[in-house]
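First residue of the first sequence: 11, per the numbering used here; consecutive thereafter. The structure appears below as structure tokens.
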Amino acid sequence: MELYSTLSRTVEPLETLHPDRIYLFVCGPTVYDYSHLGHARTYVVFDVLTKYLRWTGKEVFYLQNITDVDDKIINRAKEDGISQSVLARKFEAEYLRDMKSLGIDAVSYYARATTHIPEIIGQVRRLIEKEVAYVTESGVYFNLDTFGHNGELSGQERAKRVSRVSDATKHNPLDFALWKLGEYGEYTWDSPWGRGRPGWHIEDTAISEKYFGQQYDIHGGGLDLIFPHHEAEIAQMESLEGKHPMVRYWLHTGFLTVKGEKMSKSLGNFITIRDALKTWNRDVLRYFILLSHYRSPLQATDEGLANTAKGLDHIRAIATKDKGADAEGRRAFVEAMESDLNTPMALAAIQRLAGNGDLEALREYGQILGINFLKETSAPLSVLHEIRAELRAQKQFAVADLIRERMVAAGITITDKPL
RNA sequence: GCCGGUGUGGCAGAGCGGUUAAUGCCUUCGCCUGCAAAGCGGAUGCGUGGGGGUUCGACUCCCUCCGCCGGCGCCA
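Structure below.
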């Protein structure tokens, strides 16, 4: 398989550190609110990547962190008048529920920041011992001057950067926090430097080091995490162990856009996953997401989703008779997936497979993509269809058409046979 | 300002240094149908942002300009 890595800005063959075993880390959510379709995109993509790799026989350890200690959580908990842990546990559960409704189930292990405090403190301590971090009265900071590879991932030269986070005690305004001293309520821990809480970036490296070691294969996340978050992770981990690169394949998903703008909490233009699921089912949402390449921006519109739903119906409508294996279609699907997870191309292959009646492939590939391409029938629906058929046979068209009208309005597809 | 990305038909969105530029939706005609829908068959849609360059040949590679989007130290 070939994957595009942000680190090299090129598509490279996937060569893993261990044969047949892949370590994949994806930045998880900060659990202070409901997740939206932009998040859904990223997690669907990595769900599909993992399922595809497993389908090819690889063992994938897919690790995802849950950021449950953070400014946003502290502030939201204060606003809502509840404790940080109650808020975090609630939205962690909501997140997992959303993931489940989207059919995202490839993650091997979810790791909370708050259950890895000893590992985090351990890393901070080691970074201080390595003399790449220093302690001030406000916290512990990473000294970016000590790290030669800085800026490698984002292409940003540090001399040209401007820091927005000001803290007079930092040696350099660009240095970032590893440990923040102070009392932050419930989520405050004792450390060798005093009571406080972790900085943002340190949880990921503490968690990934614990489960994967100092070096691993793939790190994924949204495009917006490249800088500074992923740069900081690299600085922390590589300074600690000297292994370079910490991660060879950095995969970043493009934004879901609304009227050309990034879908985000701050712009208020977001649709939560559960709201979207009120109108569109998970097959449609996944199909919609996979219809574009994961690195391209994707326009979210009602029209687009409606078209997607029709397209999916079309596949189901034509994939009825099993005509055996379509070797060419199967090859096209696999080739597309091998080529930097080109799901739009893979879905074009799915169209062919449906047209050519390779139902087995549709079932198998549908599991990789998490989409059911085959028509489902349920008992209640079959009964209704039977009643309509009988009415039509008796030429009771008025009643038959009324039933049809109502069924279509309810989003149920009906296919009549000639009388 | 700096860095990164992106610009393909009515819409969404792929690909490729060289036959008619995927696929789906949309539009339209026919078949089918009790009528529709679905399906099947056909048709149409001034389409590769502008300008240079490399090349026998560029949508594809290079340069440049323009537009749009994002990041710039706690956004997937």
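In this text, a Cβ means the ideal position worked out from N, Cα and C, and glycines have one as well.
Pick from 206, 203, 204, 250: whose alpha carbon is nearest that of residue 225?
Locating residue 225 in the first sequence gives position 215, counting from the first residue. Per the Cα distances, 250.
Look at the Cβ atom of residue 92, then the Cβ atom of residue 40, and state whether they are nearer than 8 Å.
Locating residue 92 in the first sequence gives position 82, counting from the first residue. Locating residue 40 in the first sequence gives position 30, counting from the first residue. No, Cβ-Cβ distance for residue 92 and residue 40 is not below 8 Å.
Would you list the residues sitting across from residue 23 in a DSSP beta bridge?
As a first step, residue 23 must be located in the first sequence, where it is residue number 13. The partner list for residue 23 (beta bridge, DSSP) reads 12.
Quick check: what's the CA-CA separation for residue 319 versus residue 297?
On the first sequence, residue 319 is found 309 positions in, with the first residue counted as 1. On the first sequence, residue 297 is found 287 positions in, with the first residue counted as 1. The straight-line gap from Cα to Cα measures roughly 8 Å.
With residue 190 and residue 149 assumed to form a contact (beta carbons below 8 Å), what rounded beta-carbon distance in angstroms separates them?
Indexing the first sequence from 1 puts residue 190 at position 180. Indexing the first sequence from 1 puts residue 149 at position 139. Contact flag correct, Cβ pair sits at about 5 Å.
Here's the rule: buried if 16 or more other CB atoms are within 10 angstroms of the residue's CB, otherwise exposed. What is residue 179?
Along the first sequence, one-based indexing puts residue 179 at 169. Residue 179 should be labelled exposed.
What is the rounded straight-line gap between the Cα of residue 232 and the Cα of residue 50?
By 1-based counting over the first sequence, the position of residue 232 is 222. By 1-based counting over the first sequence, the position of residue 50 is 40. One C-alpha to the other measures close to 11 Å.
DSSP on residue 418, reduced to helix/strand/coil?
Counting from one through the first sequence, the residue named residue 418 turns up at place 408. Correct three-state label for residue 418: helix.
The alpha helix (DSSP H) that contains residue 157, what's its start and end?
Residue 157 sits at position 147 when you count from the first residue of the first sequence. Here residue 157 belongs to no alpha helix (DSSP H), and DSSP marks it neither H nor E.
Go ahead and label residue 409 buried or exposed: buried means 16 or more other beta carbons lie within 10 angstroms of its beta carbon, across all protein chains shown.
What you label residue 409 is simply residue 399 of the first sequence in a count that begins at 1. That one is exposed.
Looking at C-beta atoms only, is the number of pairs between the segment 365 to 374 and the segment 278 to 292 that lie closer than 8 Å three or more?
In short, these stretches do not touch, since the Cβ pair count stays below three.
Where does residue 240 fall in DSSP's three states?
Within the first sequence, residue 240 is the residue found at index 230, counting from 1. In the structure shown, residue 240 sits in a helix (DSSP, three-state: H, G or I).
For residue 61, is the classification buried or exposed, using 16 other Cβ atoms within 10 angstroms of its Cβ as the cut-off for buried?
For this step, residue 61 is matched to residue 51 along the first sequence. That one is buried.
Taking residue 208 as part of the alpha helix (DSSP H), name the residues at either end of that continuous run.
Working through the first sequence from its first residue, we reach residue 208 at position 198. Residue 208 -> not in any alpha helix (DSSP H); beta strand (DSSP E) instead, spanning 206 to 208.
Under DSSP, the beta strand (DSSP E) around residue 228 begins and ends at which residues?
Counted from its first residue, the first sequence places residue 228 at position 218. Run containing residue 228: 226 to 232, per the beta strand (DSSP E) assignment.
What residue does the beta strand (DSSP E) around residue 75 start on, and which one ends it?
Numbered from its first residue, the first sequence carries residue 75 at position 65. Per DSSP, residue 75 belongs to the beta strand (DSSP E) from 69 to 76.
Looking at the strands, I want to know which residues DSSP matches up with residue 267.
Position 257 of the first sequence, counted from the start, is the residue given in the question as residue 267. In DSSP, residue 267 forms a bridge with 272, 309.
Taking the beta carbon of residue 169 as the centre, do at least 16 other beta carbons fall within 10 Å, making it buried, or is it exposed?
The residue you call residue 169 lines up with position 159 of the first sequence. Any reading at residue 169 needs caution, since the residue's pLDDT is 48, under 50, leaving its predicted position unreliable; the model's value is listed next. With fewer than 16 Cβ atoms within 10 Å of its Cβ, residue 169 is classed as exposed.
Would a C-beta distance cut-off of 8 Å place residue 223 and residue 94 closer than the cut-off?
On the first sequence, position 213 is the one that residue 223 refers to. On the first sequence, position 84 is the one that residue 94 refers to. Not in contact: residue 223 and residue 94 (Cβ atoms no closer than 8 Å).
State buried or exposed for residue 334, treating a residue as buried only when at least 16 other CB atoms are found within 10 Å of its CB.
The residue labelled residue 334 in the question sits at position 324 within the first sequence. Result: exposed.
When you compare the CB positions of residue 260 and residue 239, do they come within less than 8 Å of one another, or not?
Residue mapping note: residue 260 aligns to position 250 of the first sequence, counting from 1. Residue mapping note: residue 239 aligns to position 229 of the first sequence, counting from 1. Contact flag unset, no.
Quick check on DSSP: helix, strand or coil for residue 403?
Mapped onto the first sequence, residue 403 falls at position 393. Looking at residue 403 - three-state DSSP - the assignment turns out to be helix.
I'd like to know whether the C-beta atoms of residue 151 and residue 185 end up nearer to each other than 8 Å.
Along the first sequence, one-based indexing puts residue 151 at 141. Along the first sequence, one-based indexing puts residue 185 at 175. Their beta carbons are under 8 Å apart, which means residue 151 touches residue 185 by this criterion.
Quick one: what does DSSP say residue 151 is sitting in, helix, strand or coil?
The residue you call residue 151 lines up with position 141 of the first sequence. DSSP places residue 151 within a strand segment (E or B) once states are collapsed to three.
Assuming contact is defined by CB atoms lying nearer than 8 Å, are residue 155 and residue 33 in contact in what I supplied?
Reading the first sequence from its first residue, position 145 is the one you call residue 155. Reading the first sequence from its first residue, position 23 is the one you call residue 33. Taking 8 Å as the Cβ cut-off, residue 155 and residue 33 do not qualify as a contacting pair.
How long is the line joining the alpha carbons of residue 368 and residue 158, rounded to whole angstroms?
Start at 1 with the first residue of the first sequence, and residue 368 comes out as number 358. Start at 1 with the first residue of the first sequence, and residue 158 comes out as number 148. Computed Cα separation, rounded: 54 Å.
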